[in-house]
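Notes follow once the structure below has been shown.
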Amino acid sequence: MSNNILDPIQGFDVDVSITAIGGPILVGRFTSILVRVVNVTETYLELNQRIPRHLDGEVNIVWQCERGMLNTKVLQDTFGFFDSNSISRNNKIKRARRFTITFKVGVEKADFVDDQMANQHGQVRSGGPTSYMLQFCKVDTMSFGATSGRNIVANQWQGTAEGITIS
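In our numbering, the protein residues as written are 783 to 949.
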């Protein structure tokens, strides 16, 4: 009996792309993506109480992508200041670009026996790829780092999104 339905999804099954108005931007295969949906807790102290009630607050969608450096003009591509080669007080920096991040998790539908096993263990996995689309993404932090030797130069983007769609 095959056990592939109970195995976790691997990174080989995930493809990440980032696009902006006018087509792909930050082109290249991303090696990792991390998405966090945070329901910020707000505390409320009632009169004469020292233990607060915990209320729902803002819902924030934050993300992080990483890949090897493919382009040395990565700052210009990320923040959109194409008319200058520097960031300084003398330069006017325009509104930050907004991106759409799409990543697909491609899971093939397993056979009938595996579906029965998964249902017995409380796991439900649908066949076919699932797409996640982060909308109106804004880059808050862009970093790159290098070490000597054979290691690749890594670029990392962190930011927020205004929505997420799962299809």
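The C-beta atom is built at its ideal place from N, Cα and C for all residues, glycine as well. These figures come from a predicted structure and were not determined experimentally.
Asked: Chain-order list of residues whose beta-carbon lies under 8 Å from that of Thr942 (same chain, five-residue window excluded); Found: Asn842, Ile843, Val844, Trp845, Cys919, Lys920 and Asp922
Asked: N- and C-terminal bounds of the beta strand (DSSP E) containing Val844; Found: Arg835 to Gly850
Asked: Whole-number beta carbon distance between Cys847 and Ile883, since they are thought to touch under 8 Å; Found: 7 Å
Asked: Ser949 versus Val819: straight-line alpha-carbon distance, rounded; Found: 17 Å
Asked: Backbone CA spacing between Met851 and Val822 [nearest angstrom]; Found: 34 Å
Asked: Reference Tyr914, options Lys876, Asn937 and Thr947, closest by Cα; Found: Thr947
Asked: Between the CA atoms of Glu824 and Gly874 - distance to the nearest angstrom; Found: For clarity, residue 874 is Lys in the given sequence; the question names Gly instead. One C-alpha to the other measures close to 37 Å.
Asked: 9 Å Cβ cutoff met for Phe885 and Val796; Found: yes
Asked: Asp859, enclosing alpha helix (DSSP H) - first and last residue; Found: Val856 to Phe861
Asked: Ala943, enclosing beta strand (DSSP E) - first and last residue; Found: Ala936 to Ala943
Asked: Cβ shell of Gly839 (< 8 Å), same chain only, five flanking positions each side left out; Found: Asn821, Val822, Thr823 and Glu824
Asked: Proximal residues to Glu944 (C-beta, below 7 Å), its chain only, five neighbours per side dropped; Found: Gln917 and Phe918
Asked: Element boundaries [beta strand (DSSP E), containing Ile791]; Found: It is not in any beta strand (DSSP E) - Ile791 carries neither H nor E in the DSSP assignment.
Asked: Classification of Asn867 by the beta-carbon crowding that lies within 10 angstroms, buried from 16 upward; Found: exposed
Asked: For Thr813 and Trp965, believed in contact at Cβ under 8 Å, the rounded distance; Found: No information on residue 965 is available, as it lies outside the stretch 783 to 949 that the chain covers here.
Asked: Limits of the beta strand (DSSP E) - the one that Asn867 falls within; Found: Where Asn867 is concerned, there is no enclosing beta strand (DSSP E), given that its DSSP letter is neither H nor E.
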